[in-house]
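With the sequence shown counted from 1, adding 16 to any position gets you our numbering.
From the three backbone atoms N, C-alpha and C, an ideal C-beta is built for every residue, glycine too.
I have placed the structure first, in the form of structure tokens, so that the comments after it can refer back to it.
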Amino acid sequence: MAAFFPSASPSAHTSKGKTMNAETLMELAGRVEAAIGPDRELDAEIALAVGIVTEREGDLFFGHRDYSVMVLERGYYDIEGSAPELPHLTASIDAALMLRPQGWSYAEGSGGLTKTFGAWGRVWKPSNRQYRPFEATAATPALALTAAALKARAQEGK
Numbered sequence: 017m018a019a020f021f022p023s024a025s026p027s028a029h030t031s032k033g034k035t036m037n038a039e040t041l042m043e044l045a046g047r048v049e050a051a052i053g054p055d056r057e058l059d060a061e062i063a064l065a066v067g068i069v070t071e072r073e074g075d076l077f078f079g080h081r082d083y084s085v086m087v088l089e090r091g092y093y094d095i096e097g098s099a100p101e102l103p104h105l106t107a108s109i110d111a112a113l114m115l116r117p118q119g120w121s122y123a124e125g126s127g128g129l130t131k132t133f134g135a136w137g138r139v140w141k142p143s144n145r146q147y148r149p150f151e152a153t154a155a156t157p158a159l160a161l162t163a164a165a166l167k168a169r170a171q172e173g174k
């Protein structure tokens, strides 16, 4: 899959060789919470930050001067040699759950106070006796879970 960014505006993706860091993950969590719906460009930036895909330098996009190409490569391919589609992290609860640290519990929902706050998502370490969840509110449960999982990764360094 390739993501295309206008060359006139700075891209928000991480540079090749950089590992995810807490600041990047928290910035992405904030953008996810502010999103009004699913966003494939945000999906790509999250996937790049957490290592689902890696960046490869590209050439100009088929001679178009206004665009450069950033190729996002998967670390694995299916039996036919094709890379699976980039997960819909901001649209799917199942995809958002891939982001939480392994073994962590989660809850999500909407209703109640969500007329004011939207949907909510929460992830926590089951062994945490103080029960200090990472929480987020967003327009949809998938967005809220994605943001909460990014906050947990930022704090836990995972």
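query: Check the DSSP bridge columns for A123 and list the partner residues they point to.; result: R138
query: If you count every other CB in all the chains shown that lies within 10 Å of the CB of L76, and 16 or more means buried, which is it?; result: With a pLDDT of 49 at L76, under the threshold of 50, the modelled position of this residue cannot be trusted, and the question is left open.
query: Determine the direct distance from the alpha carbon of S98 to that of K167, and round the result to whole angstroms.; result: 31 Å
query: Exposed or buried, which one is P142 when buried takes at least 16 other CB atoms within 10 Å?; result: exposed
query: For R56 and H104, I'd like the C-alpha separation in whole angstroms.; result: 7 Å
query: Based on Cα-Cα distance, which residue from E96, I95 and A107 lies nearest to A60?; result: A107
query: Helix, strand or coil for T70 per DSSP?; result: strand
query: Would a C-beta distance cut-off of 7 Å place W140 and S121 closer than the cut-off?; result: yes
query: Do you know whose CA, among R138, L102 and E151, lies nearest L58's CA?; result: L102
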